[in-house]
Amino acid sequence: MITRTKRQMLPRVVKVPRKEYFWGASARPGKHSRESSVPLLHLLRDYLHLGDKEREITRLLNSGYVLLDGKKVKDRRTGVGFMDLVTIVPTSENYRLLYDQRGRLVLRKESEKFSGVKFLRVKNKHTISGGKTQLSFHDGQNTLSDADLNPGDVVTVRLPEKKFEEVLRMQPGSKVFITGGSHVGEIATVKKIEVKKSSTANLVEMEEGFETISDYVFVIGSNKFSYELAGEVA
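Residues in the sequence shown are numbered from 3 upward in steps of one, following my numbering.
What follows is the structure in structure tokens.
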């Protein structure tokens, strides 16, 4: 099993100095793919500078001082992806992983208002045996739910209870975060959605004057609820 990789070969979403060290950590496959996640080691050491050495980060994790989406995590190779919430217990600081305008994953310090909120985008919706509905989310999670949700919608979840709260629809007027393409990292407002009859992704036109595919659109606001980017980027 590969536990490390040359820094020059790290996925482009990982924002670390490529020449400072020869080796980098390889994310363990999990909710997020290796290509779309940052190993927890790099987040704690290279983003937040909570230690200079790998063993210092390991000690921090083994002490239960780091939470990922409200749960203790001790594996330094855990892959952390878009919209995941990292909590540093001793300081009560919360950080959310978002894309910058170069397509890299960065940590943004979270406000108290949203520090216990997880955002999940519905990727697929299936009916399984027994007539139950299974929802698959952007971060690899699956759940059985009778909630009125469709692919492209985003649900806010209260951590650590994982209780569904707000439903943010993909529709004209929605505030969205762009997760890919030439406008990655930008916030925009949906003007119109062009639904394709084929397997091609729907096309979404923005009030800001550009278009992108629906796969790159992550809803963060509606008439009743709106997520606001908070503190500095790490």
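Think of the CB as a built atom: it goes at the ideal place given N, C-alpha and C, for glycine as much as any other residue.
From the DSSP output, in three-state form, read off residue i for me.
| i | result |
| --- | --- |
| Gly-66 | coil |
| Glu-213 | strand |
| Thr-191 | strand |
| Ser-228 | strand |
| Gly-175 | coil |
| Gly-182 | coil |
| Lys-73 | strand |
Residues in its own chain within less than 6 Å of residue i by CB, not counting five upstream and five downstream?
| i | result |
| --- | --- |
| Met-85 | Phe-121 |
| Ser-222 | Note that residue 222 is Ile in the sequence shown here, rather than Ser. Lys-177, Phe-179, Tyr-229. |
| Val-156 | Phe-121, Arg-123, Leu-170, Val-221 |
| Glu-188 | Ile-180 |
| Gly-182 | Tyr-218 |
| Val-235 | Val-108, Arg-110 |
| Leu-69 | Thr-89 |
| Arg-47 | Gly-53, Ile-59 |
| Arg-98 | Leu-87, Arg-110, Glu-112 |
Given a cut-off of 8 Å on the beta-carbon distance, is the pair residue i and residue j in contact?
| i | j | result |
| --- | --- | --- |
| Gly-175 | Thr-158 | no |
| Leu-161 | Asp-71 | yes |
| His-249 | Asp-141 | Coverage of the chain is limited to positions 3 through 236, which leaves residue 249 absent and any answer about it impossible. |
| Lys-55 | Leu-63 | no |
| Lys-127 | Thr-135 | yes |
| Ser-1 | Ala-203 | Beyond the ends of the chain as shown, which are 3 and 236, falls residue 1; an answer cannot be given. |
| Pro-41 | Gly-81 | yes |
| Leu-137 | Thr-145 | yes |
| Val-16 | Gly-105 | no |
| Glu-207 | Lys-194 | yes |
Go through its chain and collect everything with a Cβ distance to residue i's Cβ below 8 Å, but skip five positions before and after it.
| i | result |
| --- | --- |
| Asn-225 | Gly-175 |
Would you say residue i touches the ligand GDP, meaning its beta carbon is less than 7 Å from a heavy atom?
| i | result |
| --- | --- |
| Tyr-218 | With respect to the ligand GDP, the structure offers nothing, as it holds no ligand at all. |
Which runs of the beta strand (DSSP E) spanning at least 3 residues fall entirely within the stretch 77-142, listed in chain order?
81-83, 87-90, 95-101, 107-111, 119-129, 135-139
Cβ contact check for the stretch 141-155 and the stretch 107-119: 3 or more pairs under 8 Å:
no
Ignoring anything shorter than 3 residues, give me the beta strand (DSSP E) runs that lie fully in the stretch 26-66, in order along the chain.
Runs found: 39-41.
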